[in-house]
Amino acid sequence: MSTKTTFTMNSETISNGFQKFFSVIQESKLKISSKKGTEYINLPLIFALIIAIVFPLSLVALVICSLLLSVSIEREIKDEVKRLDV
Numbered sequence: 001m002s003t004k005t006t007f008t009m010n011s012e013t014i015s016n017g018f019q020k021f022f023s024v025i026q027e028s029k030l031k032i033s034s035k036k037g038t039e040y041i042n043l044p045l046i047f048a049l050i051i052a053i054v055f056p057l058s059l060v061a062l063v064i065c066s067l068l069l070s071v072s073i074e075r076e077i078k079d080e081v082k083r084l085d086v
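For the sequence shown, UniProt numbering assigns the number 1 to the initial residue and increments by one for each residue that follows.
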C-alpha cells in the first residue's frame, strides 16, 4: 500500500519557510577557536554573512582559519516542554 504526500505551494507556506530560515540564521553563531579550546571569534551568523558579502576576501581568511583552527556554526535548540501541574 502506498501513501501519498501532497505539498501545496501558496503564499503562506512560502512565507513560513522564509520565516523559519531567517530565524535559524538569527539564532546561529559562527565560532572560531583553537584546537585547545581558546575562543577567538564568536559572532552571530547573520553578521558573519554580511561581512562575507561586503568583504569577499574574508571568505579566504575563513578558509585559512578552518585549516589552522576549529570553525563551527552553533545554534542552541530550545526545547519546549509542556508541564502539567497536578
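Backbone N, C-alpha and C fix where the C-beta goes; we use that ideal spot for every residue, glycine too.
With a 10 Å radius around its C-beta and 16 neighbouring C-beta atoms as the bar for buried, classify Leu49 as buried or exposed. exposed
Assuming Ser23 and Ile73 form a contact by the criterion Cβ under 8 Å, report the distance between their Cβ atoms to the nearest whole angstrom. No, Ser23 and Ile73 are not in contact; Cβ-Cβ is about 15 Å, not under 8 Å.
Is the segment 39-57 close to the segment 2-18, with three or more CB pairs under 8 Å? no
Got a sec? Which residues, its chain only, sit under 8 Å from Tyr40 by beta carbon, not counting five neighbours each side? Excluding the 5 residues flanking it on each side, Tyr40 has same chain C-beta neighbours closer than 8 Å at Ile32, Ser33, Ser34, Leu69, in chain order.
Assign Lys20 to one of three DSSP states: helix, strand, or coil. helix
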